[in-house]
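Down below is the structure, laid out as structure tokens.
Numbering (my numbering), first residue to last: 33 to 191.
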């Protein structure tokens with residue numbers, strides 16, 4: 033009878049590569065697939081406001097951005113895949129927004145810290161907590177999007 037292997041997560045694969053003595057090998061830059069495709073700016077802005085205006089947001093959750101500058105296509109692809117699997121929302125190609133509890137925040141921070149330490153690089157990953165009020169004051173520069181309509185914050189005065 034053949035044994036079925038459990039799929040390894042990205043962090044575990046990196047640990048095994050490091051343990052095997054292959055850390056000095058040249059990274060493989062394979063083409064990335066749909067993770068590189070972004071939704072429209074309007075849809076991304078709508079997703080942000082859905083997160084911050086949700087009435088079902090747990091009281092203990094925190095909002096934070098994960099931003100990175102990673103040279104290797106393979107590492108960048110796998111970190112994006114990891115963040116999406118964890119429930120982060122992609123805002124830009126290298127910026128994610130998350131609405132999670134403190135335990136999930138710490139797990140992501142620890143995993144990304146360990147990934148960063150497993151290979152020789154000049155990369156940077158920034159995890160930045162942000163308040164809901166600061167996100168509501170967000171401005172998009174460039175494409176004309178009516179954020180008041182998306183955020184449902186347009187007020188009407190009657191006289």
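Ideal Cβ positions, reconstructed from N, Cα and C, are used throughout, including at glycine.
Contact set for residue i: own chain, Cβ-Cβ below 7 Å, skip 5 residues either direction
i	result
residue 120	98, 128, 129 and 130
residue 146	43
residue 137	94 and 96
residue 86	none
residue 89	131
Environment of residue i [buried if 16+ CB atoms lie within 10 Å]
i	result
residue 108	buried
residue 75	exposed
residue 140	buried
residue 116	exposed
residue 158	exposed
residue 112	buried
residue 110	buried
Sequence-distant residues of the same chain with beta carbon closer than 6 Å to residue i, five excluded per side
i	result
residue 114	42
residue 156	101
residue 152	none
residue 48	none
residue 79	121
Sequence-distant residues of the same chain with beta carbon closer than 8 Å to residue i, five excluded per side
i	result
residue 95	83, 84, 129, 130, 131, 161, 162, 163, 164 and 167
residue 154	103
residue 70	76, 122, 124 and 125
residue 148	155 and 157
residue 133	90, 92, 93 and 94
DSSP-derived helix/strand/coil call for residue i
i	result
residue 193	Nothing can be reported for residue 193: it is not among the residues displayed for the chain, which extend from 33 to 191.
residue 41	coil
residue 95	strand
residue 173	coil
residue 60	Residue placement at residue 60 is poorly supported in this model, since its pLDDT is 47, which falls under 50; the coordinates are not used for a value here.
residue 133	coil
residue 155	coil
residue 102	coil
residue 71	coil
Anticipated Cβ contact below 8 Å, residue i with residue j, distance rounded
i	j	result
residue 101	residue 72	24 Å between Cβ atoms; not a contact.
residue 46	residue 150	5 Å
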